[in-house]
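Here's the structure we're looking at; comments come further down.
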Ligand SMILES: [Zn+2]
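In my numbering, the protein residues as written are 1 to 382.
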């Protein structure tokens, strides 16, 4: 399936920008959120497959490695994973992983049964077996670097008729002390000043899988930003700019902005040569506009972005925000590189859960986001 998708993408890359953009983009989101890529995380080689797909895309679109001959900037970090069993029964009822329960990312695996002591209205523990159940209104998963000495499970409150009393549990975990991954780094060489750079970045990793049957597709977070970045890579490969335009797909964002931190500490180009960095994360809509982190710090560039938006009527609003350590731009702006992080607003409630799917991702302003970025990147070099 992946091969077919890639072939059809290569075919489409020859076309001019048109209404084709959106169907190519939806196909990219489908590929990135597919079972094959398993949430672009830490089991079933999901992260590795996503990385290879991106490298092949860049190569097919005519982009070169940012430096040297390798698109990969290799790195590794520790992560707690859940590769196999993911079973929970409470009060005799078997619960569905992902939908009704999630295991807390720092949990160790266990196979046992027992009874709970109620601590408060939402917290239930079996101190002997070190099993904890917490009732929640919404399930939100994440990634942890290690396993603690307990097994904690969050259960959707509305799924239980009565407070948890008895349980049986069968969960496996595996700590990978050095998970091997990579940032994928490509470029369109500048025509006038190739040693000056505009960076466009988006993390391609997501949370991965939880047990052998459940994965987190991460459509809005961040197949959407990755897709927008790839659309821009195709565009700029046909429209080279005075500066080199760099495209970096970061890994390990969900594990704590790890890939971008590694890049900022081991830069492939001199950091002071990066004239502007634009990070894309959560780009699946635009129905209610977008918010730009660091807008109040880089006022001139924010005014430029607003002027482009006013001129072409692309998004209903672009809001400004100050500094925030909420995505991969952070390490770069901390090092004094002018950087924006833009995220879109409206239409999607799914966040870090199994419902963040390609099928329900609006993609309603995709073409407009492309146009906004194309114009901004062109004019920010002037
Ligand atoms: Zn994200």
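C-beta atoms are modelled at their ideal positions from N, C-alpha and C, and glycine is treated no differently.
query: Please work out which residues of its chain come closer than 7 Å, Cβ to Cβ, to residue 149, disregarding the five sequence neighbours upstream and downstream, and give them in chain order.; result: 108 and 130
query: Using CA coordinates, which residue listed in 275, 126 and 368 is at the minimum distance from residue 298?; result: 275
query: Are the Cβ atoms of residue 187 and residue 377 separated by less than 7 Å?; result: no
query: Could you name each continuous alpha helix (DSSP H) segment of 4 residues or more that falls completely within the segment 277-315, going from the start of the chain to the end?; result: 299-312
query: Going by DSSP, name the residue or residues bridged to residue 186.; result: 65 and 247
query: Which term fits residue 140, buried or exposed, when burial requires 16 or more other beta carbons within 10 angstroms of its beta carbon?; result: exposed
query: Determine the direct distance from the alpha carbon of residue 185 to that of residue 70, and round the result to whole angstroms.; result: 8 Å
query: For residue 103, tell me which candidate among 207, 253, 287 and 115 has the shortest Cα-Cα distance.; result: 207
query: Take residue 170 and list the residues in its own chain whose beta-carbon comes closer than 6 Å to its own, dropping the five residues that flank it on each side.; result: 85, 87 and 111
query: For residue 258 and residue 54, what's the separation of their Cα atoms in angstroms?; result: 19 Å
query: Go through the segment 222-269 residue by residue and report every complete run of the alpha helix (DSSP H) that reaches 4 residues or more, in order.; result: 224-238 and 258-265
query: To the nearest angstrom, how far is the alpha carbon of residue 309 from that of residue 72?; result: 34 Å
query: Residue 218: which of 369, 44, 355 and 66 sits nearest, CA to CA?; result: 355
query: Quickly, what does DSSP pair residue 166 with across the bridge? List them, please.; result: 115
query: Run the CB neighbour count on residue 16, radius 10 Å, all protein chains shown included, and call it buried at 16 or more, exposed below.; result: Any reading at residue 16 must be qualified, since the residue scores a pLDDT of 47, below 50, and its modelled position is unreliable; no value is offered.
query: Report the residue from 333, 327, 350 and 286 whose alpha carbon sits nearest the alpha carbon of residue 319.; result: 286
query: Report the rounded CA-to-CA distance for residue 163 versus residue 154, giving the unit in angstroms.; result: 13 Å
query: Unbroken beta strand (DSSP E) runs of length 3 or more, entirely within the segment 107-153: which are they?; result: 110-115, 123-126 and 131-136
query: Which class does residue 180 belong to by DSSP, given the choice of helix, strand or coil?; result: strand
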